[in-house]
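The structure appears below as structure tokens.
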Amino acid sequence: MRAPVRCWIPMTSPTFELVIGEGCDTNVAEGVRSVLGTNVPERVVHEVGRADIVVAVGGDGTIMRVARQVLDAGASSRILGVSGGRLGFLAAFEVEELPLYLDAIRAGTLSIENRHALHWRLLRDGQEAATGCAVNDVVLAAGQPFRAIELEGEVDGGAIPRFLGDGLIVATSAGSTAHAASAGGPIVAPGLEATILVPLAAHSLAWRPLVLPGEASVALNVHHANEGSSLVQDGRLAESLRAGDRVEVHSHYQTLRFLRHPERPFGATLAAKLGWAAPPSWRRPGDDA
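Here this note's numbering is used: the first residue of the sequence shown is 1341, the next is one more, and so on.
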């Protein structure tokens, strides 16, 4: 696992920009604005990447959109995720913690966690039809009318068994706690550069989740698709798929830089957000919820 990197800014304070996600709790949004002050510009997602630190307030969807924009802009901005009131793994801080750590954030003494992202491209009839990047995962989904999708894959140019099922997830370590976890994939610490293949309802019991090095290149050739078969990027429809398409996925050349909470290791986050080791809740019929 790559060790967290510390970054010190010796002379000048970093510049900030703020993104408030749609549906963010209004009290949280006002709390963050109050802590950062009126001099910090508030931007929409497609405008970020100009400042040293992007403060993204909301759920994982908001933080992923900000991270993808940082990648698209070729920026080196650090990302500070603040929970907007919903469950999420990418937000390292709660709004009430910001005043406690604001000086450390400005001084550049918080650890930075480098996270690899994915770059994908869709080839159709031998030509590049679309490209994109993903923070959590790229999914080739069977879609309506919900017959199986058939894929033939390669990892670093070597063939892997043909896949028949509801879809295949290609996830990052950060994405291992998202769709991949729901499909039975392993949970991987976000600082570990890994690419994870997780099958969705495979028609063969031989297909199991597969953890690959982060630098691995994955290619998936579509042999059979449905009318609704799709390439899904971080939970959002990116492109339709049809037989003959080829999807290539590899590590993005740029690394995402997230500010880490100094007192909340990954294990503690899992315990708090997944309820690990929590005792069962015993209730009898008729008891108050």
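Here a beta-carbon is modelled for each residue, glycine too, at the ideal position from N, C-alpha and C. Fair warning: this is a prediction, and the values are worked out from it, not measured in the lab.
Euclidean distance between Cα positions of residue i and residue j
i	j	result
Ala-1432	Gly-1399	11 Å
Ile-1509	Ala-1518	11 Å
Val-1495	Glu-1387	36 Å
Gln-1573	Pro-1501	23 Å
Ala-1407	Ile-1419	7 Å
Glu-1434	Ser-1423	5 Å
Ala-1415	Leu-1545	43 Å
Glu-1490	Val-1562	6 Å
Pro-1381	Pro-1549	43 Å
Pro-1605	Val-1397	20 Å
Val-1375	Gly-1505	49 Å
Ala-1410	Thr-1595	Reading off the sequence, residue 1410 comes out as Val, not Ala. Straight-line Cα distance between these residues: approximately 10 Å.
Thr-1512	Ala-1523	14 Å
Identity of the residues DSSP links to residue i by a beta bridge
i	result
Leu-1571	Leu-1480, Glu-1579
Pro-1539	Leu-1508
Ser-1591	Leu-1458
Phe-1598	Ile-1419, Glu-1453
Asn-1561	Glu-1492, Arg-1586
Phe-1356	Ile-1393
Supposed contact pair residue j and residue i - C-beta distance, whole angstroms, cut 8 Å
i	j	result
His-1456	Ser-1557	No, His-1456 and Ser-1557 are not in contact; Cβ-Cβ is about 13 Å, not under 8 Å.
Pro-1619	Leu-1450	At roughly 34 Å, the Cβ-Cβ gap does not stay under 8 Å, so Pro-1619 and Leu-1450 are not in contact.
Ala-1482	Gly-1507	5 Å
Glu-1579	Ala-1470	5 Å
7 Å CB neighbourhood of residue i in its chain, flanking five on each side removed
i	result
Gly-1554	His-1456, Glu-1533, Ala-1534, Thr-1535, Ser-1591
Val-1589	Leu-1458, Trp-1460, Val-1478, Val-1510, Val-1558
Leu-1564	Note on identity: in this sequence residue 1564 is His, with Leu being the wrong assignment. These residues qualify, in order along the chain: Ile-1489, Glu-1490, Ala-1583.
Beta-carbon proximity list for residue i, same chain, < 8 Å, skipping 5 on both sides
i	result
Ile-1527	Ser-1516, Thr-1517, Ala-1521, Leu-1610
Arg-1600	Pro-1344, Ala-1432, Leu-1450, Ser-1451, Ile-1452, Glu-1453
Cutoff 6 Å; reference residue i; Cβ partners in own chain excluding five residues on either side
i	result
Pro-1354	Asp-1392, Ile-1393
Val-1307	The structure shown does not extend to residue 1307, since the chain is modelled only from 1341 through 1629, so no value can be given for it.
CB contact below 8 Å: residue i versus chain C
i	result
Arg-1408	The displayed structure is made up of one protein chain only, and chain C is not part of it.
Which ranges does the alpha helix (DSSP H) cover as unbroken runs of at least 4 residues, wholly within the stretch 1434 to 1481, from first to last along the chain?
1438 to 1447
Segments of 3+ residues assigned as beta strand (DSSP E) that fall wholly inside the stretch 1370 to 1443:
1393 to 1398, 1418 to 1423
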